[in-house]
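Those sequence lines, one after another, are chains A and B. Residues 526 to 586 in the working numbering are what the first sequence spells out, letter by letter. Residues 6 to 177 in the working numbering are what the second sequence spells out, letter by letter. Backbone N, C-alpha and C define an ideal beta-carbon position, used for all residues, glycine too. Heads up: the structure comes next, in structure tokens.
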Amino acid sequence: MSKHIVKMYNKLDADIKKSPTSKATKNSGLIPQRKEPEEESNILHYVKQIRKMRESNNGTK
Amino acid sequence: MELSNEPTFDAPIPGQSLTGEVGSKPWEQPPKLTTVDEVISNYIPMFEDEEFVTELVNQMEAGIPIIPIVDILIKSNVMDGEHSLDVGLLAAPVIIELLINVAEASDIEYDVGNKTKGTTKPSMSAIALALKDVNIPDEEEDTEDTMVMEVEEPPMEQSMGLMAKRGEEYGV
């Protein structure tokens, strides 16, 4: 399972490091495009918060 | 460790795990926590336990990468029936970050374990290739010579029968 964790963590890390881009979902057809899964965005949010907390902790040292 | 050649019959036989009653093990029950939020809020209080954190810090200080630690943590909770494996996998990055926080707060060097290390040590295959190119002929040739010298020709037997070639019977 470690391999999957590494894959996921690296992907998440890359997503965070990437500059934020607006992802507007197009609804041109009858079938709307799938949205990003909410779980992942939740995790992104958590990771960002923890990193912020760490940075502020390191800053105060 | 000494390995005995005798077969051991103490081990469970293949398929024995399937003979138990379904649902008797915690991981066969429906998981208690089903969402990522719940799973994360289950893990966060663990990092407030001083004994647990000390153990984690000791392991990280010993050089164990963070990802295998997280892997074990998730699997043990799956075994206890706390959550399913997939939700645990989704929560893994958050637990990794929490562990990094712990490591940085305690000023220890840590390895996340997500990068392939640029090894300064040559691999065994590279060593084997390099050794193949190196000439070590002297010893080998000497041994070959001695091998040749040691081989003796078997003595010729004189054929004495009726079917013997002409001249052979007289040793010509």
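Over the uninterrupted alpha helix (DSSP H) stretch that includes Q64 (chain B), give me the two end residues. Taking the second sequence and counting its residues from 1, the one referred to as residue 64 (chain B) is at position 59. First-last of the alpha helix (DSSP H) with Q64 (chain B): E55 to E66.
Tell me which same chain residues have a C-beta within less than 8 Å of the C-beta of V572 (chain A), skipping the five on either side of it? Locating residue 572 (chain A) in the first sequence gives position 47, where the first residue counts as 1. Once the five neighbours on either side are set aside, the close Cβ partners of V572 (chain A) are L537 and I541.
Suppose contacts are defined by Cβ-Cβ distances below 8 Å. Is G101 (chain B) in contact with I72 (chain B) by that definition? Position 96 of the second sequence, counting from 1, holds the residue named residue 101 (chain B). Position 67 of the second sequence, counting from 1, holds the residue named residue 72 (chain B). Residue identity check: residue 101 (chain B) is Ile in the sequence provided, not Gly. In this structure, I72 (chain B) lies closer than 8 Å to I101 (chain B) by Cβ.
With H, G and I counted as helix, E and B as strand and the rest as coil, what does DSSP make of L555 (chain A)? The sequence position of residue 555 (chain A) within the first sequence is 30, counting from 1. It is coil, neither helix nor strand.
DSSP three-state label for L95 (chain B), please. The residue labelled residue 95 (chain B) in the question sits at position 90 within the second sequence. In the structure shown, L95 (chain B) sits in a helix (DSSP, three-state: H, G or I).
Rounded to the nearest angstrom, what separates D54 (chain B) and A108 (chain B) at their Cα positions? Translated into positions along the second sequence, residue 54 (chain B) becomes position 49. Translated into positions along the second sequence, residue 108 (chain B) becomes position 103. Computed Cα separation, rounded: 15 Å.
E87 (chain B) burial status per 10 Å Cβ neighbour count (16 or more: buried): In the second sequence, the residue the question calls residue 87 (chain B) occupies position 82. Result: buried.
DSSP state of L38 (chain B) mapped onto helix, strand, coil: As a first step, residue 38 (chain B) is located in the second sequence; it is residue number 33 there, counting from the start. L38 (chain B) falls in the strand class under three-state DSSP.
Just checking: is the beta-carbon of A97 (chain B) within a distance shorter than 8 Å of some beta-carbon in chain A? As a first step, residue 97 (chain B) must be located in the second sequence, where it is residue number 92. Yes, contact with chain A.
Can you grab the Cα-Cα spacing for the pair I74 (chain B) / I556 (chain A), in whole Å? Here residue 74 (chain B) refers to the residue found at position 69 of the second sequence. Here residue 556 (chain A) refers to the residue found at position 31 of the first sequence. A straight-line Cα-Cα distance of about 43 Å links I74 (chain B) and I556 (chain A).
Quick check: the Cα distance between K543 (chain A) and K120 (chain B), rounded to an integer number of angstroms? Taking the first sequence and counting its residues from 1, the one referred to as residue 543 (chain A) is at position 18. Taking the second sequence and counting its residues from 1, the one referred to as residue 120 (chain B) is at position 115. Looking at the two C-alpha atoms, the distance is approximately 18 Å.
H88 (chain B) - partner residues in DSSP beta bridges: In the second sequence, counting from the first residue as 1, residue 88 (chain B) sits at position 83. Its beta-bridge partners are B:L38.
Does any CB atom of chain B fall closer than 8 Å to the CB of S581 (chain A)? As a working mapping, residue 581 (chain A) is identified with position 56 in the first sequence. No, because no Cβ of chain B sits closer than 8 Å to the Cβ of S581 (chain A).
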